[in-house]
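Engineer:
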Amino acid sequence: MNILVINDDGINSPGLWALAEALGRVGNVVVVAPDNQKSGSGSCVTMSGSFTVNEVPPRIPGVQAYAHSGMPCDCTSWGLRKLGTRNTHLVVSGINLGPNVGFDIPYSGTVMATLTSHLLRIPSVAVSLDIKSYKEDMRFDVAGSIVESLAHCIEKGGMRTDAIMNVNVPNIPLEQIKGILATKSAHLWYINSR
1493 MNILVINDDG INSPGLWALA EALGRVGNVV VVAPDNQKSG SGSCVTMSGS FTVNEVPPRI
1553 PGVQAYAHSG MPCDCTSWGL RKLGTRNTHL VVSGINLGPN VGFDIPYSGT VMATLTSHLL
1613 RIPSVAVSLD IKSYKEDMRF DVAGSIVESL AHCIEKGGMR TDAIMNVNVP NIPLEQIKGI
1673 LATKSAHLWY INSR
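If you count the sequence shown from 1, you need to add 1492 to reach our numbering.
(1) Here's a check: name, in chain order, each residue in its chain whose Cβ is nearer than 7 Å to the Cβ of Ser1533, leaving out the five neighbours to either side.
(2) Between Val1584 and Ser1677, how many whole angstroms is the CB-CB distance? I'm expecting something under 8 Å.
(3) So what does DSSP say about Gly1534, is it helix, strand or coil?
(4) Could you tell me whether the segment 1518 to 1538 touches the segment 1652 to 1659, where touching means 3 or more Cβ pairs closer than 8 Å?
(5) Quick check on Gly1601: does DSSP put it in helix, strand or coil?
(6) Give the straight-line distance between the Cα atoms of Leu1611 and Tyr1599, rounded to the nearest whole angstrom.
(7) Entirely within the segment 1537 to 1607 and at least 3 residues each: give me those beta strand (DSSP E) ranges in chain order.
(8) Below 8 Å on the Cβ atoms is my guess for Ala1618 versus Thr1606; work out the distance and round it to an integer in Å.
(9) Got a sec? Which residues, its chain only, sit under 6 Å from Ile1638 by beta carbon, not counting five neighbours each side?
(10) Using the rule of at least 16 other Cβ atoms within 10 Å of the residue's Cβ for burial, across every protein chain shown, is Asp1527 buried or exposed?
(11) For the alpha helix (DSSP H) holding Ile1638, just list the boundary residues, first then last.
Listed below in structure tokens is the structure:
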């Protein structure tokens, strides 16, 4: 199974590398991520000018990794060309810090980076870690384990892939997670309580 791993937080994001490590237990992983932070970029693409792509030393043995100067969607398009659309079996974006829910989904670089692959009928997953504060311990390994399980289900044909799967994982120990619930996106805005 060939898996393209992307994100919007940049090539140095710890969530990206936790995701690459987890999916490396499922198949062959290629990482293509922005060379710097691109959160909130939605489905923005580079329409004029040029971009650079540099191979970078991977943090996970056996993984090819590239830093791309464009937007998250540009990373997806370039990664699909690198792997070959017909040879890409799964595209996964993340692991984002904070949930992607409601009306913020169209603005999310994490979720919308999977739009290109979804339109090409490639199973596509966006994953976020639902933290309450940046001061808490980040359980990227838990989110990685959940996505690893989903990848195995997708590989075996045991899961529908006719929609982008937007996975929000609670930042709790794995043994406290009681299952996975599939639902539709809510129509809501965040409320600033300050």
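A virtual CB, placed ideally from N, CA and C, is assigned to each residue, including glycine.
Structural biologist: Concretely, from the data shown:
(1) So the qualifying residues of the chain are Asp1500, Met1563, Pro1564 and Gly1601.
(2) Taking C-beta atoms under 8 Å as the contact rule, Val1584 and Ser1677 fail to qualify, at a distance of about 19 Å.
(3) Collapsing the DSSP output to three states places Gly1534 in coil.
(4) Between the segment 1518 to 1538 and the segment 1652 to 1659 there are fewer than three C-beta pairs closer than 8 Å, too few to call the two in contact.
(5) Helix.
(6) Spanning the two alpha carbons is a distance of roughly 18 Å.
(7) Listed in chain order, they are 1545 to 1547, 1556 to 1560 and 1582 to 1589.
(8) Rounded to whole angstroms, the Cβ separation of Ala1618 and Thr1606 is 5 Å, and the two are in contact under 8 Å.
(9) If we look at Ile1638 and ignore the five residues flanking it on each side, its Cβ neighbours are Val1661.
(10) Buried, since its Cβ has 16 or more Cβ neighbours within 10 Å.
(11) Ile1638 -> alpha helix (DSSP H) spans Phe1632 to Glu1647.
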